[in-house]
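Numbering (the numbering used here), first residue to last: 717 to 1001. Read the structure below first, then the notes.
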């Protein structure tokens, strides 16, 4: 009996001292919101991708372009410039794809708002109204809303499914629509159809105006691309000749290539900046 009481006493002392002997580990911090490259992948329609995939694509493109130029021209500086340009190519392509997706979807969101308004006015539950866009919405958006329907059917939680839908769409207008739906789901109210109608009208007017401006300024981007690419095509043709390789293999030729690359980059950025329209920001990302 004495042994039992001794064990109980020791266990009590051990439990009393356990907060100091084995302090609780700090809770794992919540994952930080998506960084710049994660948001770029999402906006380009590759929400399943990671920055590591983008880095691997950049490194592979740089190695391939540098090796090809080195083999063809035997100019190390030219190969280095080609490798740097190829390393930036995946990110540039993703930005262009994201821009095209935003432009193509801009005219679709008013239709989505109209479908949601019609479904809500018909008495359909909000979850079913959002999932129904997968059947009657614009074809380019049906996949994301079909995934939302499967997600909410599996989890039964509208809010988390809506957040994942927002990440898949990665569009400023979609953010506003989904946040309005989430608020209506959480606090209720009868103003959802009014908000969606007003949002539909403003998005439609903005899309019309932006399309007109982009059509008038499209020549600026075309001129920037032509002005940046044409000199390097000519340089590549000259470097294919033995006398051209000999000229650019000198220190003076290397300086010309480096200075030309810097000027081309700055001129391209300046021209693109002049013709770029400000894009809506994702305030609710």
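For each residue, glycine too, the CB sits at the ideal point set by N, CA and C.
CA-CA distance, residue i and residue j?
i, j, result
"residue 886", "residue 896", "16 Å"
"residue 869", "residue 997", "31 Å"
"residue 912", "residue 839", "16 Å"
"residue 741", "residue 978", "In this prediction, residue 741 has a pLDDT of 42, which is less than 50 and means its spatial position is unreliable; what the coordinates show is noted afterwards. If you take the alpha carbons of residue 741 and residue 978, they lie about 51 Å apart."
"residue 974", "residue 793", "7 Å"
"residue 893", "residue 769", "30 Å"
"residue 848", "residue 813", "27 Å"
"residue 878", "residue 820", "22 Å"
"residue 748", "residue 774", "Unreliable placement is indicated for residue 748, whose pLDDT of 38 sits below 50; the coordinate value is still reported in the next sentence. Straight-line Cα distance between these residues: approximately 24 Å."
"residue 743", "residue 888", "For residue 743, the predicted model reports a pLDDT of 36, less than 50, meaning its position is unreliable; a value from the coordinates is still stated below. One C-alpha to the other measures close to 33 Å."
"residue 967", "residue 809", "33 Å"
"residue 976", "residue 760", "31 Å"
"residue 826", "residue 764", "27 Å"
"residue 787", "residue 754", "35 Å"
"residue 992", "residue 934", "9 Å"
"residue 795", "residue 898", "52 Å"
"residue 762", "residue 884", "8 Å"
"residue 985", "residue 797", "17 Å"
"residue 994", "residue 815", "12 Å"
"residue 981", "residue 862", "42 Å"
"residue 954", "residue 969", "12 Å"
"residue 938", "residue 958", "33 Å"
"residue 910", "residue 834", "12 Å"
"residue 951", "residue 776", "24 Å"
"residue 745", "residue 880", "Per-residue confidence for residue 745 stands at a pLDDT of 35, beneath the threshold of 50, marking its modelled position as unreliable; the derived number appears in the next sentence. For residue 745 and residue 880, the distance between alpha carbons rounds to 20 Å."
"residue 960", "residue 800", "22 Å"
"residue 844", "residue 817", "26 Å"
List the endpoints of the continuous alpha helix (DSSP H) containing residue i.
i, result
"residue 764", "No alpha helix (DSSP H) holds residue 764; DSSP gives it neither H nor E."
"residue 848", "Element bounds for residue 848: n/a, residue is neither H nor E."
"residue 910", "908-955"
"residue 895", "888-903"
"residue 807", "792-822"
"residue 969", "967-991"
"residue 838", "First-last for residue 838: undefined, no H or E at that position."
"residue 855", "855-871"
"residue 884", "874-885"
"residue 960", "958-964"
Taking only beta-carbon atoms, is residue i less than 8 Å away from chain D?
i, result
"residue 915", "Here chain D cannot be found, since the structure has a single protein chain."
Can you tell me whether residue i is buried or exposed, with buried defined as 16 or more other CB within 10 angstroms of its CB?
i, result
"residue 855", "exposed"
"residue 857", "buried"
"residue 872", "exposed"
"residue 859", "exposed"
"residue 780", "exposed"
"residue 867", "buried"
"residue 783", "exposed"
"residue 771", "exposed"
"residue 785", "buried"
"residue 865", "buried"
"residue 677", "Only positions 717 to 1001 of the chain appear in this structure, which leaves residue 677 out of reach."
"residue 903", "exposed"
Under 8 Å, do residue i and residue j count as touching if we go by C-beta distance?
i, j, result
"residue 875", "residue 882", "no"
"residue 756", "residue 811", "yes"
"residue 983", "residue 944", "yes"
"residue 823", "residue 923", "yes"
"residue 791", "residue 965", "yes"
"residue 908", "residue 836", "yes"
"residue 927", "residue 829", "no"
"residue 778", "residue 807", "no"
"residue 971", "residue 936", "no"
"residue 842", "residue 921", "no"
"residue 987", "residue 914", "no"
"residue 956", "residue 789", "yes"
"residue 831", "residue 852", "yes"
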